[in-house]
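Letter 23 of the sequence shown, counting from 1, is numbered 23 in full-length UniProt numbering, and no numbers are missing.
Single-structure report; data block below.
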Amino acid sequence: MSITTLSVRIGEPDIECRYPVIIGADRVIGLAFRWHRNWNALLSDGTEKDLGRPATGQKGIDMAVAWLTEEYAAGRIGAIALDMVRAEAPQPLDGEVPLLHPRMAGTEGKPASLRNIQGAKTALAGLAEHHWKPVLHGFPGSDNPWFLECLLCGWSGVRYWSHLRGRNGEPPRIYRHDGGCIGEDKIRELIPAYQA
Ligand SMILES: [Zn+2]
């Protein structure tokens, strides 16, 4: 089958913001995701490829799609069924998460950096103060997606610590997420940082 006869599309992201790149009806040739400033592809054999940063004006996801399509057409990477990808997608946890996201927790016997540990402690304290709870993994860094539960209303979804930590001594924006949460008056009542 020629690659030119197959359409490529981007599927719905999982709760870690990884986008399945789908060829034909339902074959996934990779999961594309951003980590810090680089885009990466998780391949069907479980390995990862760091694709670097997109060119100016190019979207990272488009760069990843182009790379995956070319590799697949050349026979260098395989594909797996979308159903299998969905079945293995990460799910929220019931209990406590570790301090750090696995990608921040040190690699190949090297421990996590003190900077990451300190950053995680600061972030978790800030989340607790604002009634957020991580329900997928530990601190992923300030600008990587973090799947959180809103403890005020039960909403869950992806947030970024860089948006939740506030700036210049000011608390974060009182707007928490779509759907209105419990309303700004009640939020103000419950969180001392908004009462100053
Ligand atoms: Zn809420």
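Just so you know, even glycine gets a beta-carbon here, dropped at the ideal spot from N, CA and C.
- D45 is the residue among H36, V8 and D45 whose C-alpha sits nearest the C-alpha of M84.
- L114 places its beta carbon 9 Å or farther from that of W132.
- Within the chosen limit of 8 Å, ligand 1 reaches the beta carbon of H177 through at least one heavy atom.
- At a threshold of 8 Å, C17 does not count as near ligand 1, since its beta carbon sits no closer than that to any of the ligand's heavy atoms.
- In this structure, the alpha-carbon of E70 lies about 33 Å from that of A105.
- R9 carries a strand assignment under DSSP once its states are collapsed to helix, strand and coil.
- Comparing alpha carbon positions, the residue from I80, G60 and E96 closest to G24 is I80.
- Cβ-Cβ separation between V135 and L93: approximately 6 Å, consistent with a contact (criterion under 8 Å).
- Your pair G126 and P98 does not check out as a contact, with CB atoms roughly 17 Å apart and the cut at 8 Å.
- Relative to the non-hydrogen atoms of ligand 1, the Cβ of W146 never comes closer than 8 Å to any of them.
- For a cut-off of 8 Å, the C-beta gap from P140 to H101 is around 4 Å, short enough to register as a contact.
- In this structure, S142 sits away from E149, with a CB-CB distance that is not shorter than 9 Å.
- Contact annotation, P54 with W39: C-beta distance approximately 7 Å; criterion of less than 8 Å satisfied.
- Uninterrupted beta strand (DSSP E) stretches at least 3 residues long and entirely within the stretch 17-58 occur at 19-23, 27-35, 38-42 and 48-52, given in chain order.
- Take the alpha-carbon of C181 and the one of S7: they are about 39 Å apart.
- Residues of the same chain with a CB within less than 6 Å of the CB of G52, apart from the 5 flanking positions on each side, are N38 in chain order.
- Selection Y160, E16 and R76 evaluated against I29 yields R76 as nearest (Cα-Cα).
- Residue side-chain check: L152 places its Cβ nearer than 8 Å to a non-hydrogen atom of ligand 1.
- No heavy atom of ligand 1 is found nearer than 8 Å to the CB of W39.
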